[in-house]
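Here the structure is laid out as structure tokens; the discussion comes afterwards.
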Amino acid sequence: MVTPSVVRLFILDLTIIMKFTSLLLCSVSCVLLQSVPAHSAPSPTIAQTTVDASATPADRSRSCQQAANAVVTLYSGTEIGAGSIVAGDGTILTAHHVVKEAVSNPSKVKIYVKLADGQRYIGRAIASDSRNDLALVQIPGQTALSTVPLASTKLQPGQAVCAIGSPSGRTGVLSRGAFTTVLANGDLQSAVRLTYGNSGGPLLNAQGDLVGVNKAIWVSNRGENTGVSYATSVQTAQTFIAKHLRPTAGVVTKQPAPTSSIASLPVAVPAPISTSQSKNGQAGGSQASVGAVSKLGVNVDAQMLIQQVESGSPAALGGLQPGDRLVAVNGTELTGLTQLQAFLSRQPSTAVLTIRHKQQTANVQVYF
145 MVTPSVVRLF
155 ILDLTIIMKF
165 TSLLLCSVSC
175 VLLQSVPAHS
185 APSPTIAQTT
195 VDASATPADR
205 SRSCQQAANA
215 VVTLYSGTEI
225 GAGSIVAGDG
235 TILTAHHVVK
245 EAVSNPSKVK
255 IYVKLADGQR
265 YIGRAIASDS
275 RNDLALVQIP
285 GQTALSTVPL
295 ASTKLQPGQA
305 VCAIGSPSGR
315 TGVLSRGAFT
325 TVLANGDLQS
335 AVRLTYGNSG
345 GPLLNAQGDL
355 VGVNKAIWVS
365 NRGENTGVSY
375 ATSVQTAQTF
385 IAKHLRPTAG
395 VVTKQPAPTS
405 SIASLPVAVP
415 APISTSQSKN
425 GQAGGSQASV
435 GAVSKLGVNV
445 DAQMLIQQVE
455 SGSPAALGGL
465 QPGDRLVAVN
475 GTELTGLTQL
485 QAFLSRQPST
495 AVLTIRHKQQ
505 TANVQVYF
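Take my numbering: the last position of the sequence shown gets the number 512, and nothing is skipped along the way.
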């Protein structure tokens with residue numbers, strides 16, 4: 145006899161727990177991977193396609209890999225997730241819980257966006273729907289980015305699907321599986337093994353078209369990933385997009401997108417320096433006295449004093465400036481460039497840098 149059992153629903157920021165009852169053969173847990181007037185501009189074009197059932201495994205793999213060019217990594221507060229570029233102007237579809245801290249406190253929490261080619265931007269949440277776990281993020285200065293098309297035909301059980309996300313901040317990680325069923329609430333259930341960092345990324349059909357926005361996984365009572373995942377359906381996403389991207393739609397309309405580059409963002413993000421000048425206005429130190437830290441995007445001297453910050457780099461997005469002295473990373477004192485390079489060689493997805501500037505010490509989080 146099947147008896148009711150309690151199923152626990154977790155958001156992966158480890159802060160919100162919801163409980164609900166369902167009939168199950170065994171107990172499992174579900175983990176969430178977790179206005180201002182608009183300009184009178186035309187709505188962004190959202191590409192749509194129909195399903196070709198004749199696609200081969202090689203075709204499916206190629207289509208999913210091509211879609212990865214339009215999938216981004218998002219860092220916001222304590223969350224790392226993914227998103228799909230759905231319009232060439234830089235409109236990104238993601239999960240609400242990935243950016244909820246920035247939605248709740250936009251003046252203090254930023255949304256950092258890393259494109260597939262490594263370019264980095266500061267984005268802004270322009271719409272969100274906590275009930276369906278959807279959000280739209282805009283990045284500045286874009287007109288012709290690659291996009292992920294939205295599928296116009298429903299999936300059939302057993303059809304091949306793939307997911308693209310950013311587990312541990314690694315951009316463009318591909319997972320494959322099969323679609324299982326549509327739940328009573330309209331969400332899609334698939335046999336695709338996802339992990340933290342896949343939140344907000346696309347669930348794709350064999351043609352590489354978005355059929356859902358990944359948001360949750362089932363785990364066993366032992367905390368083991370069962371390989372079952374959940375996504376908000378493309379139909380729900382289309383309704384959300386249409387509502388918030390139409391200039392005349394409803395009460396909540398699309399906010400004007402930032403038109404400036406990172407270098408001219410508000411003072412909360414200091415303008416990065418793209419020349420080789422040091423803080424005294426003269427050319428930076430000689431080749432012997434300046435070391436490049438390419439992963440971070442800075443040049444430092446022998447005293448770990450930043451001489452130059454590369455525009456659009458992790459350092460620039462984190463607000464580092466020439467004249468800042470790097471004194472520690474993740475609480476460990478830095479004694480020189482070699483130690484910093486050794487830390488970065490471990491390919492961290494984020495780090496907390498302690499800096500000293502004009503006798504003031506501060507901690508700055510950067511994302512790679």
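Ideal placement from N, C-alpha and C gives every residue a C-beta, glycine not left out.
Pick from the options that is closest to residue i, judged by C-alpha positions
{"i": "V253", "options": "A350, A239, T494, T222", "result": "T222"}
{"i": "S228", "options": "L449, N358, P301, P458", "result": "N358"}
{"i": "P466", "options": "Q452, D233, G475", "result": "Q452"}
{"i": "E368", "options": "T380, R337, N342, T291", "result": "R337"}
{"i": "D277", "options": "A211, G316, T380, T498", "result": "T380"}
{"i": "P250", "options": "S272, P301, L389", "result": "S272"}
{"i": "Q300", "options": "G262, L348, Q209", "result": "L348"}
{"i": "Q263", "options": "R275, I270, I283", "result": "I283"}
Through-space distance from residue j to residue i, alpha-carbon basis
{"i": "A335", "j": "T479", "result": "48 Å"}
{"i": "W362", "j": "L327", "result": "14 Å"}
{"i": "Q503", "j": "E477", "result": "17 Å"}
{"i": "L294", "j": "L461", "result": "31 Å"}
{"i": "A246", "j": "Y219", "result": "10 Å"}
{"i": "R366", "j": "V372", "result": "15 Å"}
{"i": "I385", "j": "L280", "result": "8 Å"}
{"i": "S456", "j": "Y265", "result": "Note that residue 456 corresponds to Gly in the displayed sequence, not to Ser. Each residue's Cα considered, the two are about 7 Å apart."}
{"i": "V437", "j": "I450", "result": "10 Å"}
{"i": "V444", "j": "A506", "result": "18 Å"}
{"i": "R490", "j": "R469", "result": "22 Å"}
{"i": "V172", "j": "T370", "result": "Confidence at V172 is low in this model, with a pLDDT of 42, below 50, so the placement of that residue is unreliable and no value is reported for it."}
{"i": "T194", "j": "F512", "result": "Residue placement at T194 is flagged as unreliable, the pLDDT there being 41, under the threshold of 50; the coordinate-derived value follows with that caveat. Spanning the two alpha carbons is a distance of roughly 36 Å."}
{"i": "T339", "j": "P346", "result": "13 Å"}
{"i": "N342", "j": "S310", "result": "5 Å"}
{"i": "Q210", "j": "A375", "result": "21 Å"}
Contact check, residue i vs residue j, beta carbons under 9 Å
{"i": "L484", "j": "V473", "result": "yes"}
{"i": "K258", "j": "T217", "result": "yes"}
{"i": "S248", "j": "A350", "result": "no"}
{"i": "I308", "j": "G321", "result": "no"}
{"i": "G232", "j": "T291", "result": "yes"}
{"i": "V230", "j": "A260", "result": "no"}
{"i": "V508", "j": "L464", "result": "yes"}
{"i": "T238", "j": "G225", "result": "yes"}
Beta-bridge partners of residue i, as assigned by DSSP
{"i": "I266", "result": "Y256"}
{"i": "C306", "result": "R320, L348"}
{"i": "D331", "result": "Looking at the DSSP assignment, D331 forms no beta bridge with any residue, so it has no partner."}
N- and C-terminal bounds of the alpha helix (DSSP H) containing residue i
{"i": "I283", "result": "Neither: I283 is in no alpha helix (DSSP H) and is coded neither H nor E."}
{"i": "V248", "result": "The sequence given here places Ser at residue 248; Val does not occur at that position. Unbroken alpha helix (DSSP H) run through S248: 240-248."}
{"i": "A381", "result": "378-389"}
{"i": "G462", "result": "458-462"}
Residue-chain proximity (residue i, chain B), Cβ-Cβ < 9 Å
{"i": "S290", "result": "Reference to chain B is not applicable here, since this structure consists of a single protein chain."}
Residue span of the beta strand (DSSP E) that contains residue i, given as start and end
{"i": "A446", "result": "A446 -> no beta strand (DSSP E), and no H or E assigned at all."}
{"i": "L354", "result": "354-364"}
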